[in-house]
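Undergrad: Heads up, the sequence shown is in our numbering, so the first residue is 93 and it goes up one at a time. Backbone N, C-alpha and C fix where the C-beta goes; we use that ideal spot for every residue, glycine too. One structure follows; several queries about it will come next.
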Amino acid sequence: SLLDLKPVIVDNLELGLRGKSGALRYEASVYHMTKKDDIVSYTDPVTTQRTVVNAGKTLHRGIELGLGLPLAPDWQVDASLSYAKHTYETWTVSGTADYSGKEMETAPRVIANTRLSYSPGYMNGGRFQLEWFRLGSYWLDAANTGKYGGHNLVNLRANYPFGKGMELFGSISNLFDKRYAETADGTGTAPTYTAGLPRSAILGLQAKW
């Protein structure tokens, strides 16, 4: 039960920088974090019952990068990248289930995003924006028996302020109508997927005061 869980002890080291070089804006950070008695969700491979338990020790290492650059008048590109590895350093669930050294499930190494924005004067401070989003592959289970391959999505959005505090906005998500999983877990022989939304459009009007 939750009352039986031990408190998590965290040791974290993080370094970062942020700056500009001409028109280029950049930021970067690296981190190294260990968690003793990390609280994780565990699915029994025999009963498929999910419980919350303490893992012995987990290790989290990663780097995060961000860039922003005007390409031309009214045009701007922004990009971000996260590369991280999350592992169970020591975690023995039972006499037959030892996940020490395994990567943590549902934890992609790569998450990336690039946005191209166009903000012409006639948009009154609004913009059109094209976005590419990448979610990398990840393990389905703590035993690392199967993987979800990750996905790429393209989204389009726009906003147009007008009047006094009024704004018209719209977006098209999953522009190319790709099939993907919002979440994926299970095992390599019995994977479970939650289907992501197909192409969808939103148009709205909001008022601010």
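1. Using DSSP bridges, identify the partner residues of Val202.
2. Return the bridge partner residues of Ala293 from the DSSP annotation.
3. Alpha carbon to alpha carbon, what distance is there between Leu161 and Thr126?
4. Note down, one range per segment and in chain order, each alpha helix (DSSP H) of at least 4 residues found wholly within the stretch 110–185.
5. Less than 7 Å between C-beta atoms, sequence neighbours within five positions excluded: which residues of the same chain meet that for Met215?
6. Use the C-beta contact count for Thr286: other C-beta atoms within 10 angstroms, 16 or more gives buried, fewer gives exposed.
7. I'd like the list of long-range same chain contacts for Ser292, defined as Cβ closer than 8 Å, with 5 residues on each side in sequence excluded.
8. Pick from Leu163, Gly296, Val122, Ser133: whose alpha carbon is nearest that of Gly114?
9. Relative to the C-alpha of Tyr128, which residue among Lys112, Ser172, Val145, Ala235 is closest?
10. Taking the alpha-carbon of His152 as reference, which of Glu106, Leu227, Tyr210 has the nearest alpha-carbon?
11. If you draw a straight line from the alpha carbon of Glu197 to that of Ala276, how long is it in whole angstroms?
12. With a Cβ-Cβ cutoff of 7 Å, do Glu259 and Gln221 count as a contact?
13. What's the C-alpha gap between Arg219 and Ala250?
14. Could you tell me the distance, in whole angstroms, from the CA atom of Ser192 to the CA atom of Tyr180?
15. On the DSSP bridge assignment, give the partners of Lys98 in chain order.
16. Quickly, what does DSSP pair Arg219 with across the bridge? List them, please.
17. Out of curiosity, what's the CA-to-CA distance linking Ala204 and Lys112?
18. Might you give, ordered along the chain, the residues of its own chain that have their beta carbon closer than 6 Å to the beta carbon of Tyr134, omitting 5 neighbours on each side?
19. Report, in whole angstroms, the separation of the C-beta atoms of Val202 and Ile155, which I expect to be a contact under 8 Å.
20. By Cβ distance below 7 Å, which residues in the same chain neighbour Ala176 in space, the five residues on each side in sequence not counted?
21. Based on the DSSP secondary-structure assignment, which residues constitute the bridge partners of Asp277?
TA: A quick look at the data gives this:
1. Along the sequence shown, read from residue 1 onward, the residue named residue 202 stands at position 110. According to DSSP, Val202 bridges with Tyr175.
2. Counting from 1 along the sequence shown, the entry for residue 293 is found at position 201. For Ala293, which the question treats as bridged, DSSP gives the partners Ile264.
3. Position 34 of the sequence shown holds residue 126. Position 69 of the sequence shown holds residue 161. Cα to Cα, the separation comes out at about 35 Å.
4. none
5. Within the sequence shown, the letter at position 123 stands for residue 215. So the qualifying residues of the chain are Tyr252.
6. In the sequence shown, residue 286 corresponds to position 194, counting from 1. Counting Cβ neighbours within 10 Å, Thr286 comes out exposed, since fewer than 16 surround it.
7. Against the sequence shown, residue 292 aligns to sequence position 200. So the list reads Ile264, Ser265, Asn266, once near-sequence residues are dropped.
8. Along the sequence shown, read from residue 1 onward, the residue named residue 114 stands at position 22. Comparing Cα-Cα distances from Gly114 to each of Leu163, Gly296, Val122, Ser133, the minimum goes to Leu163.
9. Counting from 1 along the sequence shown, the entry for residue 128 is found at position 36. A small fix is needed here, since residue 128 is Lys in this sequence, not Tyr. It is Val145.
10. The sequence position of residue 152 within the sequence shown is 60, counting from 1. Checking every option, the nearest Cα to that of His152 belongs to Glu106.
11. Along the sequence shown, one-based indexing puts residue 197 at 105. Along the sequence shown, one-based indexing puts residue 276 at 184. When rounded, the distance between both Cα atoms is 10 Å.
12. Position 167 of the sequence shown, counted from the first residue, corresponds to residue 259. Position 129 of the sequence shown, counted from the first residue, corresponds to residue 221. Their beta carbons are not under 7 Å apart, which means Glu259 does not touch Gln221 by this criterion.
13. Locating residue 219 in the sequence shown gives position 127, counting from the first residue. Locating residue 250 in the sequence shown gives position 158, counting from the first residue. Approximately 6 Å between the Cα atoms of the pair.
14. The residue given as residue 192 occupies position 100 in the sequence shown. The residue given as residue 180 occupies position 88 in the sequence shown. Rounded to whole angstroms, Ser192 to Tyr180 spans 5 Å at the Cα level.
15. Counted from its first residue, the sequence shown places residue 98 at position 6. Paired residue(s): none; Lys98 is not in a bridge.
16. By 1-based counting over the sequence shown, the position of residue 219 is 127. DSSP lists Asn251 as partners of Arg219.
17. Indexing the sequence shown from 1 puts residue 204 at position 112. Indexing the sequence shown from 1 puts residue 112 at position 20. Going from the Cα of Ala204 to the Cα of Lys112 covers about 21 Å.
18. As a working note, residue 134 is residue 42 in the sequence shown. The residues are Thr143, Val145.
19. One-based indexing of the sequence shown puts residue 202 at position 110. One-based indexing of the sequence shown puts residue 155 at position 63. Contact flag wrong, Cβ pair sits at about 11 Å.
20. As a working note, residue 176 is residue 84 in the sequence shown. Contacts found: His152, Arg153, Gly154, Arg201.
21. What you label residue 277 is simply residue 185 of the sequence shown in a count that begins at 1. According to DSSP, which records beta bridges pairwise, Asp277 is partnered with Thr284.
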